[in-house]
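The numbers in the sequence shown follow the working numbering, run straight up by one, and end at 376.
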Amino acid sequence: MSGRIHSLLMIAMASALPAQQLIQFEDGSRVEGRVTRVEGASMIVTVFGARPVVAGTLDGQVPADDVSRLRALYAEQAEDVVPGFTAGRVALARWCMEQGLLSGAKEQIEAVVRVDPDSRSANALIGEIAAAWRLDTAEGGAKPRDRRRFVKDLFSRHAAKDLTTAMIAWHKAQALDPAETLRPALKGLKHKSAGVRWLSARVLARHRNHPERINPLYKRALVDPASVVRRAAVRSLKVTNDPVFARLFAKNLGNPKQRLRMTAAEALAELGLEQGVEPLVGALKALASGGGGVRAHIAVTTQKAYVKDFDVEIAQAAVIADPIVDIVTEGVVLDVTVVGISVERGAYTRALRRLTGEGFGADVKAWEGWLRRRQK
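Below you can see the structure in the form of structure tokens.
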């Protein structure tokens, strides 16, 4: 598709979405969106993307009263979903898809993937959506120019919208030649959007033979502010099952920054390698004994200056007394060391539970005993 058509449809998508309508088709199906014409062709634009409209299949708009009742019914059902009940949200999203209420479907899917990006039912639905809608008019283009534009937009624009769209973009990327996605993915790891960074980390799992991906993924696994991105980065490194990554993350268990110690523990748990157990037990023991704890003091004092003595100098038959001034300090100094921090201890015990399946909690002796038994 020409660049002009691509640009026109992107403008149409941006302008049409705020005022969506419920469109009726001849077969009785409904879709929430806007029908627009680009270069003589009809396209329906929705929150999930766009697709061509076959001539003669449209039956018009659903009456406003019917739309209002449908939206009210959706709002009532959404309010009844128990918080944290992801299966209920996915079921409601599927109901919305059947009714054509795509904005409601996206709202429910987004609510699920924010708390459980690994939800199988949500990811299955996202895969169906990715197969049904085009994110971009250049998608599937035969010309190299169209393919380059689509890949660029996939990482720079589409995945930046929200996590749901980033997951749709992941399904789209699966159909691309891996050689086309390596550079955009490496660049995308630095993007300000968590969705783009997540997509980039997922895509780089396909490039296991490219060592240049290791350093940026390792960094993302430790310092990215989004847990979903950190998890995706570790999983991309995990595809090689190389124990060297366990050693690299274990080194950060002794980092002066607590945040890095905790993300290193998360990474070791995600790697799933038994080589991570011993350094985690060591970190838990150090925390319990106060090793590596932060030391600080608070001083509340009063200082007074006084003349301690005189330094006498004689010059030209004159005696000069030069005063020696000293300072007296009195008050209270409170010196403390942080012996243990429960949130950090929790990160270590959760990681150990995931790696071993054991539930010894913060009992260091029990973990050390488990290690001895495994090493026999």
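By construction, the Cβ of each residue, glycine as well, lies at the ideal position given by its N, Cα and C atoms.
Have a look at the options and flag the residue whose alpha-carbon is nearest the alpha-carbon of residue i.
i    : options                : result
A267 : V228, Q61, A288, E79   : V228
E278 : A366, Y218, R230       : A366
K285 : Q275, V203, G254       : G254
R385 : I129, E274, A299       : Since the first residue shown for the chain is 1 and the last is 376, residue 385 is missing from the structure and cannot be characterised.
R261 : P83, A347, G361        : A347
I341 : E76, A288, V300        : A288
C215 : L186, P243, P225, T329 : Correcting the residue type first, residue 215 is Asn in the shown sequence and not Cys. Per the Cα distances, L186.
G100 : Q61, A283, V115        : Q61
A175 : V333, A166, T137, A131 : A131
T329 : H171, A64, E107, T302  : T302
V38  : A50, L102, S29, D27    : A50
G28  : G88, R148, E98, A87    : E98
V343 : K251, R259, V300       : R259
M167 : I129, P178, P144       : I129
K257 : L222, R247, A75        : L222
R71  : E107, P243, R345       : E107
K238 : A205, A173, L73, D177  : A205
Please list, in chain order, all residues of the same chain as residue i whose beta carbon is under 7 angstroms from its beta carbon, the five residues on each side excluded.
i    : result
A201 : L189, L217, R220, V229, A232, A233, S236
L182 : H207, H210
A169 : L135, L154, H158, A159, L199
Q20  : E32, G33, R34, S103
A318 : Residue confidence is low: A318 scores 48 on pLDDT, short of 50, so the model does not pin down where it sits. No coordinate-derived value is stated.
D59  : Q24, F25, E26
Which same chain residues, not among the five before or five after residue i, have their C-beta less than 6 angstroms away from its C-beta?
i    : result
T240 : R208
A14  : Model confidence at A14 stands at a pLDDT of 46, short of 50, so the residue's coordinates are unreliable; what they give is reported in the following sentence. Same-chain partners within the cutoff: there are none.
S193 : A160
H191 : R197
V151 : E180, P184
D146 : A138
C96  : G104, A105
D224 : R230
P178 : R206
R149 : A138
Under 8 angstroms by Cβ, that's how I've got residue i and residue j pegged, so tell me the actual separation to the nearest angstrom.
i    : j    : result
V113 : T164 : 6 angstroms
F25  : W133 : The Cβ separation is near 15 angstroms, so there is no contact.
L383 : I298 : Outside the modelled stretch of the chain, which goes from 1 to 376, sits residue 383, for which no answer is possible.
G141 : H171 : So it is not a contact: roughly 18 angstroms between Cβ atoms.
Verify whether the separation of the beta carbon atoms of residue i and residue j is less than 7 angstroms.
i    : j    : result
A93  : A105 : yes
V67  : L125 : no
G33  : V45  : yes
G276 : L355 : yes
T349 : G361 : yes
S42  : V53  : yes
R122 : V81  : Checking the sequence, you will find Ala at residue 122 rather than Arg. Not in contact: A122 and V81 (Cβ atoms no closer than 7 angstroms).
F245 : A264 : no
A269 : A351 : yes
V332 : V300 : yes
Leaving out the 5 sequence neighbours to the left and right, which residues in its chain are closer than 8 angstroms to residue i when beta-carbon positions are compared?
i    : result
E110 : D162, L163, T164
A16  : The pLDDT assigned to A16 is 43, lower than 50, so where the model puts this residue is not dependable; a value taken from the coordinates is nonetheless given after this. Answer for A16: G33, R34, T36, V45, listed in chain order.
G84  : V115
A226 : A194, R197, W198
E368 : V281, K285
T86  : V112, V115, D116, S119, S121, A122
E212 : L186
P243 : L273, Q275
Look up residue i in the DSSP assignment and give the residues it is bridged to.
i    : result
M262 : DSSP lists no partner for M262.
E330 : T302
T165 : In the DSSP output, where bridge partners are listed per residue, T165 has none listed.
L58  : F25
M43  : T36, P52
V31  : I23
R134 : A50
If we cut at 7 angstroms on Cβ distances, does residue i have a partner in chain C?
i   : result
A50 : The displayed structure is made up of one protein chain only, and chain C is not part of it.
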